[in-house]
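Chains as they are written, first to last, in our numbering: chain A, 735 to 846; chain B, 9 to 123. For glycine and all other residues, C-beta sits at the position ideal for the given N, C-alpha and C. All figures in this text were calculated on a predicted structure; none of them were measured in a lab.
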């Protein structure tokens, strides 16, 4: 079965810096990968989707890369703000179905 | 428009009790998913409906877990004879058609605590 690893420790950065979160996976290569944001007491909220034939995707201050050779996706938040503090989850398709396999998530703390 | 709603938001049950968790998906969304999220973990897939048909229930941890969506809209996740290990947040998500690569919209979850 697919295994997903995200930064196990919380990531602490200072406001204005770029945050980089890692998502590594084993076994088969997914056709696409999604990133979600989750705040305490709330459900995940979709941020970005990147397909296997795309190397990079951007949306405002967010950038996602997808390296199928390394089996890794990187998620960047530039000019980070305290409001970006949350847990970020990566999710992969489960062998071509609509259901998703999620990583444990990485907690990001942006201090002013 | 309204998003995915879930009720109750919090549920405390005594071990051995049955519980029922409700999900109201976004109106018109064909697909509905249930996930279980333990503390400090990511959501784990439980089951998936397309309209009223349960297409995948491979993630249900035991036969004490049962889900239904009889009219293709509201769904109920039922847990019989609850155990302490069932304590978790139960998340419901819906998507427009359930097509491959589609975004899922999540509800706030039901936090279940089994004593």
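Compute the Euclidean distance between the alpha carbons of residue i and residue j, then round it to the nearest angstrom.
| i | j | result |
| --- | --- | --- |
| residue 17 of chain B | residue 121 of chain B | 11 Å |
| residue 57 of chain B | residue 78 of chain B | 10 Å |
| residue 836 of chain A | residue 778 of chain A | 11 Å |
| residue 61 of chain B | residue 834 of chain A | 18 Å |
| residue 814 of chain A | residue 749 of chain A | 5 Å |
| residue 770 of chain A | residue 110 of chain B | 13 Å |
In this structure, does DSSP put residue i in helix, strand or coil?
| i | result |
| --- | --- |
| residue 62 of chain B | strand |
| residue 94 of chain B | helix |
| residue 765 of chain A | coil |
| residue 46 of chain B | coil |
| residue 820 of chain A | strand |
In chain order, what residues of the same chain have a beta carbon less than 7 Å from the beta carbon of residue i, not counting five sequence neighbours either side?
| i | result |
| --- | --- |
| residue 28 of chain B | 84 and 86 |
| residue 67 of chain B | 52, 53, 54 and 55 |
| residue 59 of chain B | 38 and 80 |
| residue 773 of chain A | 820 |
Might you give, ordered along the chain, the residues of its own chain that have their beta carbon closer than 8 Å to the beta carbon of residue i, omitting 5 neighbours on each side?
| i | result |
| --- | --- |
| residue 45 of chain B | 51, 52, 96, 97, 98, 99 and 117 |
| residue 13 of chain B | 31, 32, 115 and 116 |
| residue 23 of chain B | 90, 91, 92, 122 and 123 |
Using a Cβ-Cβ cut-off of 6 Å (strictly less than) and excluding sequence neighbours within five positions of residue i, which residues of its own chain qualify?
| i | result |
| --- | --- |
| residue 786 of chain A | 765 and 802 |
Got a sec: which bits of the region 783-807 of chain A sit with their beta carbon under 8 Å from any beta carbon on chain B, in order along the chain?
783 and 785
If we count Cβ pairs, one from each stretch, closer than 8 Å, do we get three or more for the region 738-755 of chain A versus the region 804-821 of chain A?
yes
What are the residues in the region 63-78 of chain B lying within 7 Å of chain A by C-beta distance?
64
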